[in-house]
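K.L.:
This structure is in structure tokens; I'll ask about it shortly.
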Amino acid sequence: MVELYQQVAKETMPAECVIPFNEHIMMEELLAHFRAPSHLPSYNGTTDPAEHIRKFENAALLHRHTDGIKCRIFLTTLMNSAQQWFGQLPAGSIRSFAEFSSLFQHQFTSSKKYRLSTFLESSRRKRKPWGLMSSVLT
């Protein structure tokens, strides 16, 4: 099985191309009636990664794909810096969709948008621009 995987990889991928999915994920066959979920969201590295995963999982839920197929479909949603990140992962390092989504969220967590708490938002609106300076000067 490993030999077949390596032979297919050699024949279909450029020599410099590294595949971060392990052999189990790459060997999962698509069913004859396979259809990728329609209207999959794409991710370019600038929005909330957890939200992207939620949208992807919701779209994929109807089709009941296996873990490995979900990994390979999820890869097609990555664009720009997200594709570059994926290409830098070590060969065979991703063993499941849970692991892939965890690595993905960890990498792009800085893109997540945080909402101000109600307290901070209200205090920001009430604060006068020179409030601190005027109290220091008086």
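Counting in the UniProt record's numbering, the sequence shown tops out at residue 138, every number present. Glycine included, each C-beta is placed from N, C-alpha and C at the ideal position.
Assign residue 101 to one of two classes, buried (16 or more other C-beta atoms within 10 Å of its C-beta) or exposed (fewer than that).
P.N.:
Walking along the sequence shown from the start, residue 101 turns up at place 101. Counting Cβ neighbours within 10 Å, residue 101 comes out buried, since at least 16 surround it.
K.L.:
What is the residue span of the alpha helix (DSSP H) that residue 103 lies within?
P.N.:
Here residue 103 refers to the residue found at position 103 of the sequence shown. 97-108 is the extent of the alpha helix (DSSP H) around residue 103.
K.L.:
Here's a check: name, in chain order, each residue in its chain whose Cβ is nearer than 6 Å to the Cβ of residue 25, leaving out the five neighbours to either side.
P.N.:
What you label residue 25 is simply residue 25 of the sequence shown in a count that begins at 1. Counting only Cβ-Cβ distances below 6 Å, and skipping sequence neighbours, we find 68 and 71.
K.L.:
Going by other Cβ atoms of all chains shown within 10 Å of its Cβ, with 16 needed for buried, is residue 108 buried or exposed?
P.N.:
Indexing the sequence shown from 1 puts residue 108 at position 108. Label assigned to residue 108: buried.
K.L.:
Using 8 Å for Cβ pairs, my map puts residue 52 next to residue 37. What's the rounded Cβ distance?
P.N.:
By 1-based counting over the sequence shown, the position of residue 52 is 52. By 1-based counting over the sequence shown, the position of residue 37 is 37. Contact annotation, residue 52 with residue 37: C-beta distance approximately 14 Å; criterion of less than 8 Å not satisfied.
K.L.:
Taking residue 67 as part of the alpha helix (DSSP H), name the residues at either end of that continuous run.
P.N.:
In the sequence shown, the residue the question calls residue 67 occupies position 67. From DSSP, the alpha helix (DSSP H) with residue 67 extends over 67-75.
K.L.:
Would you decide whether residue 98 is buried or exposed? Buried here means 16 or more other CB atoms lie within 10 Å of its CB.
P.N.:
Walking along the sequence shown from the start, residue 98 turns up at place 98. With fewer than 16 other Cβ atoms within 10 Å, it is exposed.
K.L.:
Less than 8 Å between the CB atoms is what I'm expecting for residue 20 and residue 93, so what's the real figure, rounded?
P.N.:
Along the sequence shown, one-based indexing puts residue 20 at 20. Along the sequence shown, one-based indexing puts residue 93 at 93. Indeed, because the Cβ distance is near 5 Å, the residues count as touching under 8 Å.
K.L.:
Reducing DSSP to helix, strand and coil, say where residue 19 ends up.
P.N.:
Taking the sequence shown and counting its residues from 1, one reaches residue 19 at position 19. Secondary structure at residue 19: coil, using DSSP grouped into helix, strand and coil.
K.L.:
What is the residue span of the alpha helix (DSSP H) that residue 52 lies within?
P.N.:
What you label residue 52 is simply residue 52 of the sequence shown in a count that begins at 1. Note, residue 52: alpha helix (DSSP H), 49-61.
K.L.:
Going by other Cβ atoms of all chains shown within 10 Å of its Cβ, with 16 needed for buried, is residue 104 buried or exposed?
P.N.:
Here residue 104 refers to the residue found at position 104 of the sequence shown. It is buried - the Cβ of residue 104 has at least 16 other Cβ atoms within 10 Å.
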